[in-house]
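*Asks:*
There are 2 protein chains.
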Amino acid sequence: MRETTIKVDRKRCEILCVGTELLLGDILNTNAQYLAQGLSKLGLDLYVQTVVGDNEARLENAIHLAMTRADILLFTGGLGPTTDDITKEVAARCFHRELYMDEDALREIQDFYALTRRAMPVSNQKQALMPRGGLLLKNPQGTAPGCMMTSDEGHLAFLMPGPPREMRPMFDNEVAPILARYSNGGLYSKAVRVVSLGESRMAEMLQDLIDAGTNPTLAPYAKDGEAMVRVTARASSKEEAKAILDPVINEVLQRLGRHAYGVDVPNLESVISEKLQQQGLTLSFAEAGTGGLAAQRFLSCELAQSVCGPGLSAMTTGQLACALGLMDALPENTAEACALLSQHACKHFGTTAGLCTLVSGQELACAVTVLGETRQYAARMPARGADYYRTQASQAALDMLRLMLMDREA
Amino acid sequence: MRETTIKVDRKRCEILCVGTELLLGDILNTNAQYLAQGLSKLGLDLYVQTVVGDNEARLENAIHLAMTRADILLFTGGLGPTTDDITKEVAARCFHRELYMDEDALREIQDFYALTRRAMPVSNQKQALMPRGGLLLKNPQGTAPGCMMTSDEGHLAFLMPGPPREMRPMFDNEVAPILARYSNGGLYSKAVRVVSLGESRMAEMLQDLIDAGTNPTLAPYAKDGEAMVRVTARASSKEEAKAILDPVINEVLQRLGRHAYGVDVPNLESVISEKLQQQGLTLSFAEAGTGGLAAQRFLSCELAQSVCGPGLSAMTTGQLACALGLMDALPENTAEACALLSQHACKHFGTTAGLCTLVSGQELACAVTVLGETRQYAARMPARGADYYRTQASQAALDMLRLMLMDREA
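Chain order of the listed sequences is R and C. Here the first sequence stands for residues 1 to 410, where the numbers follow this note's numbering. Here the second sequence stands for residues 1001 to 1410, where the numbers follow this note's numbering.
1. Counting C-beta neighbours from all protein chains within 10 Å, is the total for residue 2/R 16 or more, i.e. buried, or is it exposed?
2. Any idea if residue 1354/C is buried or exposed, counting beta-carbon neighbours within 10 angstroms, 16 or more meaning buried?
3. Any beta-carbon of chain R closer than 8 Å to the one on residue 1409/C?
4. So if DSSP puts residue 1033/C in a beta bridge, which residue, or which two residues, is it bridged to?
5. If contact means a Cβ-Cβ distance below 9 Å, which residues of the region 1292-1317 of chain C contact chain R?
6. Only counting the same chain, and skipping five residues up and downstream in sequence, which positions put a Cβ closer than 6 Å to that of residue 324/R?
7. List, in chain order, every chain C residue whose beta-carbon is nearer than 9 Å to that of residue 123/R.
8. Residue 1132/C by DSSP, collapsed to three states: which one?
9. Going by Cα to Cα distance, which pick from 1314/C, 1308/C, 1306/C and 1299/C is closest to residue 306/R?
10. Buried or exposed: where does residue 64/R fall if 16 or more other Cβ atoms within 10 Å of its Cβ makes it buried?
11. When every heavy atom of the ligand COA is checked, does at least one fall within less than 7 Å of the C-beta of residue 330/R?
12. Show which residues of chain R have a CB atom less than 9 Å away from the CB atom of residue 1033/C.
13. Mapping the DSSP letters down to three states, classify residue 1011/C as helix, strand or coil.
14. Taking DSSP as the reference, what is the three-state secondary structure of residue 1158/C?
15. In this structure, how does DSSP classify residue 1004/C when only helix, strand and coil are distinguished?
16. Can you give the Cα-Cα distance for residue 74/R and residue 14/R, rounded to whole angstroms?
17. Name, going along the chain, the residues of the region 1048-1065 of chain C whose beta-carbon falls closer than 9 Å to a beta-carbon of chain R.
18. Could you tell me whether the region 218-230 of chain R touches the region 182-198 of chain R, where touching means 3 or more Cβ pairs closer than 8 Å?
19. Output the boundary residues of the beta strand (DSSP E) element that contains residue 303/R.
20. Please name the residue, chosen from 1371/C, 1039/C and 1187/C, that lies closest to residue 1245/C on a Cα-to-Cα basis.
21. With respect to the alpha helix (DSSP H) encompassing residue 247/R, which residues constitute its N-terminal and C-terminal limits?
22. Answer yes or no: do residue 191/R and residue 230/R have a C-beta to C-beta separation smaller than 8 Å?
23. Tell me which residues share the same chain as residue 82/R and place their Cβ nearer than 8 Å to its Cβ, disregarding the 5 neighbours each side in the sequence.
24. Let me know the alpha helix (DSSP H) ranges lying completely inside the region 1262-1344 of chain C, each 4 residues or longer, listed in chain order.
25. Roughly how many angstroms lie between the CA atoms of residue 1330/C and residue 1319/C, to the nearest whole one?
26. Given that a residue counts as buried once 16 or more other Cβ atoms are within 10 Å of its Cβ, and exposed if not, what is residue 1115/C?
27. So which of 1404/C, 1154/C and 1089/C has the shortest CA-CA distance to residue 1011/C?
28. Taking 8 Å as the CB-CB limit, is residue 40/R close to chain C?
29. Residues of the region 371-388 of chain R with a CB closer than 8 Å to any CB of chain C: list them in chain order, please.
30. Examine chain R for any beta-carbon lying closer than 8 Å to the beta-carbon of residue 948/C, and answer yes or no.
31. Please tell me whether residue 115/R has its Cβ less than 8 Å away from any Cβ of chain C.
32. Run through chain R and tell me which residues come within less than 9 Å of residue 1221/C, C-beta to C-beta.
33. For residue 210/R, which three-state DSSP category applies?
34. Cβ atoms of residue 1263/C and residue 1272/C: under 8 Å apart, would you say?
35. Name, please, each residue of chain R whose Cβ falls closer than 7 Å to the Cβ of residue 1323/C.
36. Three-state secondary structure (DSSP) at residue 1223/C?
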């Protein structure tokens, strides 16, 4: 391989997603958005995204075109073991790089199969082929390692696998750190998370800030029964970004009041977990018609082990009552039934707080008990489908719990 | 406009999505998938999808490239009223078509504003510009009508708005009927769903069929702890497609044996729900460390109401034991602990079948009890993260249950 000097002036990126399944519409291309967001955060320019199928001639043509327009090419897909998977072979040819068998990569793939007590299919060998002078990108999530290669003209290519579960950590951990050096002054952003307030209502409350914003800019988003406003600054350092962002974030928080539940927090349940821990409380769940969604949301919280007790999930409140050993008939009023069930969940599971949700058709009810104090709520939802109802029910109950915990802090 | 004859031989399509917001990753490109699915159903060939921003030079370049590769161009985005919206202007220039003010279209936009009791902003006038010789595509969902135009070389372009709520009905009602005449006979496909077998192993078992396949073609996929093989036929009628597909599907099923759990079924849990109902069984759940995922998967099954009892979810098997009123210490062996818990779930919840899962670090264990008979399983998983562990645990338990129910059928 000839020694190449990589130009460090303003770089242009392109994304090439490879896979006939994308052209057939079998899968949604979430990779393109993930990479676009990543490049945007890094302050790198992206002008074109292309999707091509598993076809040599067309992929080769797409790569040659991209090389005329861009310096950095990001590929997803086509690194699998089957004969359909041709991205590495074709990209190496376009970049005039020979492929060789990387013994370390091969051993890792063999180890992966050994761990799961299966023999490695011969077809997986080709996943260990690497371009000469290239760099292997680790894939702890699967058998296909990625790779980086350079062309003699100074192009950079990053080849990543198609499954998002494998592609995302590879981009975050292996690709982004390399790309960071080409950043044109970074973008820094903070997200204010908002609950129980629609996106358009939130945007109205912030309209003058949104209209006036150039640096920072304010972008409102709606997301799974929540809203969010992203405040983004372009700056040459973290300190400069902070000076630009902080006054605007404070203004946003003041206007949104108790609707804003956090800045750059992972989610509502993590905020609640922290409050539960601070107040020394434990929480159990009794959920009807939601598939146990409220309890499930806590799973990814670090503190869940210490603040969450068991969760019971059933189709109806009657089943919940039975399972909690409640023999009397439940109140007909759904909010009152939930109130009783949240109290009994505390008793049955030995926790200091209990949360009950109910979805029945378009009816939503929920109740939360904290140290004997119970609040309840019921509403009829617009016709939107089961996922929406479940999200709304868990959201309503969790926000009720958050406000109760805040009131106890006061 | 010169009279043009549109060739009716095999047409190639391309999708061009226009919008800087796509390049920033602010929105997910669901339009591309929707159009890809639509073209696939119509039996039209799609080889390339491109995304470009709201930039004249780059859009013009992308259109010229697409015109060299394809006959039919489908555009989304850039039909709005702002100066950023340039798709129609640039496409008309590439197609050598003059734009004129369409009075009917203008009136419709004015009417739309009158209906919502607002004055029409002057900027919206440009949405009523139409290419000479083109065809207006109606948009009952918004102010931007779409349009169709032809080039002198016989290209066809369809310009549709970006918001999916507006684009989808326009494609279905206005564009698809025109495209149907270029269909190369429809595509018909069936999906064989596979569990407990990796994609590459499955592909090996079917390799000769995959290699030989032209009509039908076989495409293997991996998907959330499962695999799938899609068998696709090109045919001029449903009957012809059936005659092409059936023998191959049968061969695939025979080779994959019990790993294949269904053809064109929604998912594993719906197959299990049916078997439970046929055998008059009800199922309860006790899950540790999975957030109740196994139980939750049944939520979307139509039969869930009649076959599913309550589900208990907790962080540890100890918590589960307590909540089920099991006072003795659990066996140290995790599979045996799961076996005991699946039996107690049946007793506690009064069901005839019980399923227990455990995820603890990278350790997976599960057990299923059906009418007193219990099977159990434990394994160590490769390091892949919490979502993977949960999926694998629910998958292992559900497949164990499926096989037990199949054995009872035999």
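Ideal Cβ placement from N, Cα and C applies to all residues, glycine included.
*Replies:* In this structure, then:
1. Bear in mind that the predicted position of residue 2/R carries a pLDDT of just 35, short of 50, making it unreliable; the figure below should be weighed with that in mind. Counting Cβ neighbours within 10 Å, residue 2/R comes out exposed, since fewer than 16 surround it.
2. buried
3. no
4. Note: residue 1033/C sits in no beta bridge, so no partner.
5. 1292, 1293, 1295, 1296, 1297, 1298, 1299, 1300, 1304, 1305, 1308, 1309, 1310, 1311, 1312, 1313, 1314, 1315 and 1316
6. 344 and 348
7. 1200, 1203, 1204 and 1207
8. coil
9. 1314/C
10. exposed
11. Among the components modelled here there is no ligand, and therefore nothing to report on the ligand COA.
12. 22, 25, 26, 27, 28 and 29
13. coil
14. strand
15. Its pLDDT being 38, under 50, residue 1004/C is placed unreliably in this model, and the value from its coordinates should be taken loosely. Three-state DSSP puts residue 1004/C in coil, outside helix and strand.
16. 6 Å
17. 1048, 1049, 1050, 1051, 1052, 1053, 1055, 1058, 1061, 1062 and 1065
18. yes
19. Counting along the chain, residue 303/R falls outside any beta strand (DSSP E), and DSSP gives it neither H nor E.
20. 1187/C
21. 238-256
22. yes
23. 123
24. 1268-1278, 1293-1297, 1304-1307 and 1317-1323
25. 11 Å
26. exposed
27. 1154/C
28. yes
29. 386
30. With chain C represented from 1001 up to 1410, any question about residue 948/C goes unanswered, as that position is not in the structure.
31. yes
32. 21, 26 and 27
33. helix
34. no
35. 310 and 349
36. strand
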